[in-house]
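As you go down the protein sequences, you meet chains A and B in turn. All the letters of the first sequence, read from the start, carry residue numbers 1 to 358 under UniProt numbering. All the letters of the second sequence, read from the start, carry residue numbers 1 to 389 under UniProt numbering. Note that beta-carbon positions come from the ideal geometry of N, C-alpha and C, so glycine has one too. Data first, discussion second: the structure below is written as structure tokens.
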Amino acid sequence: MASDQDLVVETVRDILSGFEPFVLTPERPWDEGLWSALAEAGLTGVGLPEEAGGSGGELADAVAIVRTLASGAAAVPVAEQLLVAGPALVAADLDLPSPEEPLTVAVEGTVAAEPSDDGDGPGRFVLTGTATDVPWAGVARHVAVLATPPAGIEGAVLAVVDASGLTASSAVNLAGEPRGSLVLDGVGVPGALLTPARAATLRARYALTRAVQISAALEQVLAWTVQYAGERQQFGRPLGKFQAIQMELAQMAGEVTSTAALVDAAVQALGRGEDTVVLAAAAAKVRAGEAVERVAKLAHQVHGAIGFTQEYRLHHLTRRCWSWRDEAGTELAWSRTLGAALVAAGPDDVWPAFTAVV
Amino acid sequence: MSSNQLTLAPAPPSEAAERVRLEVREFLAQELAAGTFTTHVDTWLSGVDPEFSRKLGAHGWLGMTWPKEYGGHERTAQERYAVTEELLAAGAPVAAHWIADRQSGPNLLRYGTEAQRKEILPRIAAGECYFVIGMSEPDSGSDLASIRTRGVRNADGDFVVNGAKIWTSNAHHSHYGIVLVRTGPPGEGPRGKHQGLTQLLVDLSLPGISVNPIRILDGGHHFNEVVFTDVVVPGDMLLGTEGAGWHQVTAELAFERSGPERFLSTWPLLAEFGRRAAATGDPAQLAVLGRLSSRALALRQLSLRIAAALDRGELPDIPAALVKDMGTTFEQDVVDEVRRVVDVPASLDSPDPLGRALAEAQLHAPGYTLRGGTNEILKGIVARGLGLR
Ligand SMILES: Cc1cc2nc3c(=O)[nH]c(=O)nc-3n(C[C@H](O)[C@H](O)[C@H](O)COP(=O)(O)OP(=O)(O)OC[C@H]3O[C@@H](n4cnc5c(N)ncnc54)[C@H](O)[C@@H]3O)c2cc1C
């Protein structure tokens with residue numbers, strides 16, 4: 001890791017240490033204090049160009065921030081802002097809302113976009129329908145909405161919605177993170193047409209972002225579990241001295257390490273702007289989801305009953321990972337996408353297609 | 001911290017590697033079309049074809065990373081990696097030269113004398129000289145340091161070898177073995193038995209060596225018992241340092257454990273399954289294909305990073321153990337996952353190529369997680385890397 005990234009990570013860790021992760025409740029759906037501290041330090045604009053109002057920096061810096069926050073169970077929409085919605089708006093030449101205010105993304109639901117005839121010219125659309133599974137609905141000030149384009153046009157419309165006047169339904173994921181719906185009742189908003197490829201890339205970015213978060217969180221879960229196995233004594237010795245436990249930890253390490261390698265490779269493909277990034281992201285998302293299955297199960301097993309309590313920290317990450325793997329497209333959906341792509345070039349070309357993914 | 005031992009620098013694809021990949025791909029397509037080989041599962045154990053090995057040698061695809069003075073081609077580890085991947089994915093008959101090219105050659109480069117290198121490496125690179133790994137014994141599998149085969153120096157300084165090696169892959173087709181023997185007494189303490197071990201370069205045509213076949217589940221003859229009775233191995237066939245055999249073997253295992261053969265042994269089955277999924281368009285089959293591929297892609301990224309680390313002279317033995325554990329588990333899972341979503345009975349006589357590939361993969365499957373160190377032993381190494389032992 002480059003030294004600027006080390007510095008960024010240090011800074012985020014310092015800030016994070018002042019905000020112990022807490023259990024999310026309907027009254028406290030996010031960590032507003034942490035957000036303000038991060039925003040004040042310019043960290044909510046990293047990787048977004050300065051011309052657009054961001055703080056500049058590389059994709060790798062933004063990823064490093066997202067990883068650090070994910071492993072700290074930070075309840076803030078930084079991943080959505082830095083890796084999904086922010087870059088998508090910049091790429092579509094839409095105005096980026098101030099990075100100091102939380103921005104999220106909505107890719108699911110029934111939202112239809114029609115060109116606006118309010119006389120404001122091109123680049124404005126009227127959105128109608130319901131955006132579902134919106135991360136941080138009710139928390140984020142702005143939402144980048146991916147909507148169905150007018151009839152006869154391919155691709156999608158990306159529009160920026162000011163959510164302050166909208167009511168969000170208050171659904172939450174398994175970790176208590178807000179994942180509500182937003183009803184859009186014919187609101188006129190700035191937007192841009194995306195080609196099918198661009199729309200697919202946006203969805204892929206979202207999936208890859210969840211994979212990045214999962215990968216970071218699982219690394220932390222592994223570290224906690226190794227540490228716990230070294231401290232907790234039974235039968236007169238630390239758990240980690242039992243061969244059965246060593247096997248379980250080694251299996252966790254295998255899942256975590258191979259997932260991290262693929263997720264990292266997919267992020268690099270994204271950074272290089274490769275066309276295969278949709279498939280690389282699909283693979284990373286599927287792999288990360290599968291790792292969650294095994295790592296969370298084993299981590300809870302090794303932690304025994306204490307890990308099953310709300311007072312203990314393990315669930316801050318395992319519950320998030322269980323949710324993140326279902327979000328931004330399920331593993332089933334992405335594995336079908338990947339499988340279909342691998343056979344698309346012809347029945348004998350699975351191997352060449354495979355080696356081209358990442 | 002423990003995680004550092006598992007974190008490796010990225011190895012982005014190189015243009016040279018992609019170029020040679022396409023050359024090999026084209027060569028394989030031509031050979032397949034000409035019918036010089038047919039695709040099978042696990043051919044790096046079972047696909048012995050000296051003619052094919054010589055062709056690879058003639059193309060410069062063996063000994064690729066070695067110095068030119070030893071018949072090598074001074075290409076990068078990434079280029080070599082691409083070549084090996086293509087061969088495995090196509091299920092090509094590569095078993096004759098596999099061990100020599102992957103493991104014994106690099107071992108000679110590192111520890112061999114100038115005479116040994118000059119004599120042997122060019123022949124390996126030409127695809128004409130094959131090697132066996134002489135490590136396991138009837139009573140020493142996982143506990144390798146407990147071997148009993150002895151090498152005793154005689155008055156001429158030669159080693160007189162007595163004992164038996166077992167599970168020796170392709171000894172009946174090979175010219176040399178790198179044989180681990182005890183040449184001195186073990187030391188004190190739990191790691192004492194690692195002392196007094198030595199690697200010898202043994203010409204398998206020497207008098208006193210007998211090679212007895214052992215058949216595997218499908219009846220195939222790939223591995224053997226090799227018995228040494230008063231075999232006189234010339235003193236200048238010592239490999240490396242007398243008594244340093246354990247260290248040399250450990251370093252060798254990083255090469256042995258991390259390559260693409262640790263997750264691609266059953267790729268020909270997966271490719272056949274891909275053909276089926278393409279034909280049926282069945283969403284369940286496509287999902288399984290995608291899911292298995294995502295696992296393979298992750299393993300591949302890790303394995304590529306290890307190759308790059310080895311190229312930099314690092315010894316990533318812990319990640320290598322991890323790749324082998326995860327990779328061979330994957331190879332076995334391919335069989336289970338595929339058979340769940342196709343209605344095809346596995347049989348070596350099946351008229352359906354998918355049924356045949358399933359049968360080959362299933363009958364070879366128990367070997368994947370044993371050869372090169374069992375998964376329990378590998379997990380123990382990873383656990384050590386995590387600081388638990
Ligand atoms: C196809 C194939 C090809 C091979 N080719 C070669 C070759 O060319 N040259 C060569 O030298 N060898 C070769 N081998 C041998 C291979 O290296 C050994 O099979 C392997 O090291 C395991 O030894 P073993 O079979 O004696 O099993 P054992 O060591 O007896 O192990 C039996 C079981 O006990 C477990 N076990 C043993 N010790 C422990 C422990 N401390 N903790 C937890 N579990 C433990 C093992 O994991 C395994 O599950 C080959 C094997 C196969 C299957």
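Hey, A:P97 and A:H142: beta-carbon distance below 8 angstroms or not?
With contacts defined as CB atoms closer than 8 angstroms, A:P97 and A:H142 qualify as a contacting pair.
Quick check: does the Cβ of B:H167 come within less than 7 angstroms of any heavy atom belonging to ligand 1?
This sequence places Trp at residue 167 of chain B; His is not what is there. Yes.
CA-CA distance, A:D326 and B:P10?
28 angstroms
State yes or no: is the C-beta of B:V344 within less than 8 angstroms of the C-beta of B:L354?
yes
Counting contacts by CB-CB distance shorter than 8 angstroms, is B:N4 in contact with chain A?
Only weak support is given to the placement of B:N4: the predicted model assigns it a pLDDT of 47, under 50, and the value that follows is read from those uncertain coordinates. Not closer than 8 angstroms to any Cβ of chain A, the Cβ of B:N4 fails to qualify, so no.
Counting pairs of beta carbons, one from the segment 229 to 247 of chain B and one from the segment 192 to 207 of chain B, are three or more of them closer than 8 angstroms?
Yes, the segment 229 to 247 of chain B touches the segment 192 to 207 of chain B.
Is the distance from the Cβ of B:A271 to the Cβ of A:V350 below 8 angstroms?
yes
Exposed or buried, which one is B:A155 when buried takes at least 16 other CB atoms within 10 Å?
exposed
Can you find a heavy atom of ligand 1 that lies under 7 angstroms from the Cβ of B:R102?
Because no heavy atom of ligand 1 lies under 7 angstroms away, the Cβ of B:R102 does not count as near it: no.
Leaving aside the five residues before and after B:N4 along the sequence, list all residues of the same chain whose C-beta is less than 8 angstroms from its C-beta, in chain order.
Reliability of the predicted coordinates at B:N4 is poor, the pLDDT of 47 falling under 50, and no value is obtained from them.
For A:G339 and chain B, any beta-carbon pair shorter than 8 angstroms?
yes
Step through the CB atoms of chain B and report whether any lies within less than 8 angstroms of the CB of A:V350.
yes
Just the Cα atoms here: how many angstroms apart are residue 416 of chain B and B:G47?
Shown here, chain B extends from 1 to 389; a query on residue 416 of chain B therefore has no answer.
Whole-angstrom Cβ separation of B:T43 and B:A92, contact assumed at under 8 angstroms?
With a Cβ gap of about 6 angstroms, B:T43 and B:A92 count as contacting.
Below 7 angstroms CB to CB, which residues in the same chain sit around residue 359 of chain A once its five sequence neighbours on both sides are set aside?
Any property of residue 359 of chain A remains undetermined from this structure, which presents chain A solely from 1 to 358.
Does the beta-carbon distance from A:G152 to A:T195 come in below 8 angstroms?
no
Is the beta carbon of B:L180 closer than 8 angstroms to that of B:I147?
yes
Quick check: what's the CA-CA separation for B:V54 versus B:T329?
Note that residue 54 of chain B corresponds to Arg in the displayed sequence, not to Val. Roughly 32 angstroms separates the two Cα atoms.
I want to verify the contact list: residues of chain A whose CB lies under 7 angstroms from the CB of B:D317, in sequence order.
Near B:D317 there are no residues of chain A at all, since even the closest Cβ is about 14 angstroms away, more than 7 angstroms.
Could you tell me the boundaries of the beta strand (DSSP E) in which B:I216 lies?
The continuous stretches of beta strand (DSSP E) do not include B:I216, and DSSP gives it neither H nor E.
Whose C-beta lies closer than 8 angstroms to the C-beta of B:H73 among residues of the same chain, with five residues either side of it excluded?
G60, G63, M64, T65, W66, A125
Helix, strand or coil: which one does DSSP assign to B:V41?
B:V41 falls in the coil class under three-state DSSP.
Which one of A:S335, A:A328, A:T337, A:Q251 has the shortest CA to CA distance from A:A299?
A:Q251
For chain B, check one thing: does any of its Cβ atoms lie closer than 8 angstroms to the Cβ of A:T330?
no
For chain B, find out if any of its Cβ atoms is closer than 8 angstroms to the Cβ of A:R287; answer yes or no.
yes
Please state whether DSSP places B:N224 in a helix, a strand or coil.
strand
Any chance you could list the beta strand (DSSP E) runs of at least 3 consecutive residues sitting entirely within the segment 229 to 276 of chain A, in chain order?
Within the segment 229 to 276 of chain A, no complete beta strand (DSSP E) run reaches 3 residues.
Please determine whether the Cβ atom of B:T250 lies at a distance below 7 angstroms from any heavy atom of ligand 1.
False, no ligand heavy atom lies under 7 angstroms from that Cβ.
Could you tell me which residues DSSP pairs with B:V161 in its beta bridges?
B:G151, B:V231
Of all the residues that make up the segment 219 to 238 of chain A, which are near chain B by a beta-carbon distance shorter than 9 angstroms?
E219, L222, A223, V226, A229, G230, P238
Would the segment 133 to 142 of chain A and the segment 163 to 178 of chain A be scored as touching if the rule is three or more Cβ pairs under 8 angstroms?
yes
Taking a cut of 9 angstroms between CB atoms, which residues from the UniProt domain "Acyl-CoA oxidase/dehydrogenase middle" (133 to 231) of chain B lie near chain A?
none
Regarding B:V227 and ligand 3, is the C-beta to nearest heavy atom distance less than 7 angstroms?
As far as ligands go, the structure on display features ligand 1 and does not contain ligand 3.
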